[in-house]
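Encoded as structure tokens, the structure appears first; notes follow it.
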Amino acid sequence: MLGWLKLLAVEAREIVNTITGSNNEWWKALLFEYVAFWNIIDWLSMACSFAVVGTYIRVQMEAGAASEVLTAAQNGTSAQDAQAAFEAAEKASSTPARTSALRCSSSPCWSCFGSSSPSTRSHAWRL
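Quick note, the sequence shown lines up with residues 1 to 127 if you use UniProt numbering.
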């Protein structure tokens, strides 16, 4: 994160120096003096790192919310609790096909999660 901030500061300083040291208008100075292959690479790397950090934060927040719903659903046995748990898990994973494959054939059924071993589960899983 500090490397990203340092790169941002260096690029901002370079932009300011390019604009102030040029005899052209600001946009001409940026276009003809600043825009170069390595500056574009720098900005692309900053955008990619920002996207990775943002995705990490989003996944952590959604996983935390799904964990809370799953914990609450584990304590309850109603169909609404189980459905809410599945919806939270689908949202956190962003791949509905993965979590829908885990639904019990007698959907929604929280008793499948209540047992600790697969042999004591009373329902079969459907794909």
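Don't be surprised by glycine CBs; every beta carbon is placed ideally from N, CA and C.
According to the neighbour-count rule (16 or more other Cβ atoms, all chains shown, within 10 Å of its Cβ), is residue 13 buried or exposed? Translated into positions along the sequence shown, residue 13 becomes position 13. With a threshold of 16 other beta carbon atoms within 10 Å, residue 13 falls short and is exposed.
Three or more C-beta pairs closer than 8 Å, one from the region 41–55 and one from the region 4–23: is that the case here? Enough Cβ pairs lie closer than 8 Å, so yes.
Taking 9 Å as the threshold (C-beta atoms), are residue 41 and residue 30 in contact? Position 30 of the sequence shown, counting from 1, holds the residue named residue 30. Position 41 of the sequence shown, counting from 1, holds the residue named residue 41. Result no, Cβ atoms of residue 30 and residue 41 do not sit closer than 9 Å.
Near residue 24, what residues of its chain come up, given a Cβ to Cβ distance below 8 Å and the 5 sequence neighbours on each side ignored? Against the sequence shown, residue 24 aligns to sequence position 24. In chain order, 32 and 33 place their CB closer than 8 Å to the CB of residue 24, counting only its own chain and leaving out the 5 sequence neighbours on each side.
So the candidates are 58, 57, 88 and 60; which of them puts its Cα closest to the Cα of residue 72? Taking the first residue of the sequence shown as position 1, residue 72 is located at position 72. Cα-wise, what sits closest to residue 72 is 88.
Could you pull out every residue in the same chain whose Cβ sits closer than 8 Å to the Cβ of residue 8, ignoring the five residues on either side in sequence? Residue numbering aside, residue 8 sits at position 8 when the sequence shown is read from its first letter. If we look at residue 8 and ignore the five residues flanking it on each side, its Cβ neighbours are 46.
Given residue 142 as reference, the closest of 21, 51 and 15 once Cα atoms are compared: Residue 142 falls outside the range modelled here, since the chain spans only 1 to 127, and no answer is possible.
With a Cβ-Cβ cutoff of 9 Å, do residue 65 and residue 91 count as a contact? Within the sequence shown, the letter at position 65 stands for residue 65. Within the sequence shown, the letter at position 91 stands for residue 91. Cβ distance < 9 Å, so residue 65 and residue 91 count as in contact.
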